[in-house]
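A.B. asks:
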Amino acid sequence: MPLKDGDFVLINYTVKVVEDGSERVIDTTLEEVAKKSGIYDPKRVYKEFPVIVGKTSLLGPLEKVLKELDVGERREVEVPPEEAFGEYKKELVVRVPVKRLRRMNIPVRVGEEVEAGGRRGKIIRVTERFAFIDFNHPLAGKKLKIEVEVVGKVDSVEDKARILAARALGLDPNKIRAEVSEGGKEITLMLPPEVLGLSDLDALLAKAVSDVREYLSPRKVDVVISIEFPEEAREEAEASDTGEGGEAGGESEQATEPGGGEKRQ
129 MPLKDGDFVL INYTVKVVED GSERVIDTTL EEVAKKSGIY DPKRVYKEFP
179 VIVGKTSLLG PLEKVLKELD VGERREVEVP PEEAFGEYKK ELVVRVPVKR
229 LRRMNIPVRV GEEVEAGGRR GKIIRVTERF AFIDFNHPLA GKKLKIEVEV
279 VGKVDSVEDK ARILAARALG LDPNKIRAEV SEGGKEITLM LPPEVLGLSD
329 LDALLAKAVS DVREYLSPRK VDVVISIEFP EEAREEAEAS DTGEGGEAGG
379 ESEQATEPGG GEKRQ
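Per our numbering, residue 129 is the first one in the sequence shown, and the count goes up by one each step.
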């Protein structure tokens, strides 16, 4: 049965730019394809991409094709520039005095990325007096070819909650656990300690909870950040509590609490 709006699915995809009669891979979820194409990033985790049909921002033609597929099916779709990142517009190439860029401490060199007026551009040419900045999207005017395969469908509430939270936080879903009460009215998200290093954590957590509420309609969502200390740390804490290996035990109540710690939002 073809997919429908609201279905949670996992897809593999490969995106190619078609230009001058050749194809160049620019993005993929497949590690082997990335290595073969010379775009492999060792910091990236290559795995299936979670999609909520009709709710995840996808290019129009890809969205349409996805709704015609079922689990295990694969399709290739061509996306013209106007349905991808738009046509290339010459008026978006702006001439800026070199002196102005230097006053802004922006290196005046070809290839340098510049942000101005909320737009990002790239310096494509420099003369004695002016720098020419291209504010077109890097893929503007390019035709794309996308190979997509639906490799799985997500049915359990627990897995859907993990995917929603991971999407909001930018994490691997496998690093998140979810517990759902009988009837699905209460959901607990258990997050790894690495989330504490995320900037704007409060906003990201609010987004995660909002998405879980929107798509799964629970009555309550708990967020738990658990920190498990190594065995050595627990032993040191216990020794501190009993006064062993340290100063007088009278201050032991000030010691770090042994065992795991958790933070609830």
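Every residue gets a Cβ at the ideal spot worked out from N, C-alpha and C, and that includes glycine.
Note that the coordinates shown come from a computational prediction; the quantities given were computed from them, not determined experimentally.
Can you tell me whether I251 is helix, strand or coil according to DSSP?
C.D. replies: Here I251 sits in strand by DSSP.
A.B. asks: Three-state secondary structure (DSSP) at D339?
C.D. replies: Helix, per DSSP.
A.B. asks: Which residues bound the beta strand (DSSP E) around E206?
C.D. replies: Per DSSP, E206 belongs to the beta strand (DSSP E) from 202–207.
A.B. asks: Per DSSP, what are the beta-bridge partners of I274 in this structure?
C.D. replies: BP columns for I274 point to V143, V205.
A.B. asks: Which word fits D262, buried or exposed, when buried means at least 16 other C-beta atoms lie within 10 angstroms of its C-beta?
C.D. replies: Flag for D262 reads buried.
A.B. asks: Would you list the one or two residues that DSSP bridges to V222?
C.D. replies: Beta-bridge pairing links V222 to I261.
A.B. asks: Looking only at C-alpha atoms, which of V254, V199, A336, G269 sits nearest to I291?
C.D. replies: Here the closest residue by C-alpha is A336.
A.B. asks: Since L158 contacts T142 with CB under 8 Å, what's their CB separation in whole angstroms?
C.D. replies: Rounded, the Cβ-Cβ distance is 6 Å, consistent with contact.
A.B. asks: If we ignore side chains and look at the alpha-carbon of each, how far apart do D135 and V279 end up?
C.D. replies: Distance between the alpha carbons of D135 and V279: 13 Å.
A.B. asks: Skipping 5 residues on each side, what residues in its chain have a beta carbon closer than 7 Å to that of A259?
C.D. replies: V224, V226, L229, V236, I251.
A.B. asks: Quick check: what's the CA-CA separation for P320 versus S327?
C.D. replies: Looking at the two C-alpha atoms, the distance is approximately 15 Å.
A.B. asks: Could you check if N264 is buried or exposed, using at least 16 other CB atoms within 10 Å of its CB as the buried criterion?
C.D. replies: Label assigned to N264: buried.
A.B. asks: Would you give the residue range spanned by the beta strand (DSSP E) that R347 belongs to?
C.D. replies: Here R347 belongs to no beta strand (DSSP E), and DSSP marks it neither H nor E.
A.B. asks: Let's test the definition: count the other Cβ atoms within 10 Å of the Cβ of K217 and tell me whether it reaches 16, buried, or not, exposed.
C.D. replies: Counting Cβ neighbours within 10 Å, K217 comes out exposed, since fewer than 16 surround it.
A.B. asks: Taking the alpha carbon of K144 as the reference point, which residue from V137, L138, D133, V161 has its own alpha carbon closest?
C.D. replies: The shortest Cα separation from K144 among V137, L138, D133, V161 belongs to V161.
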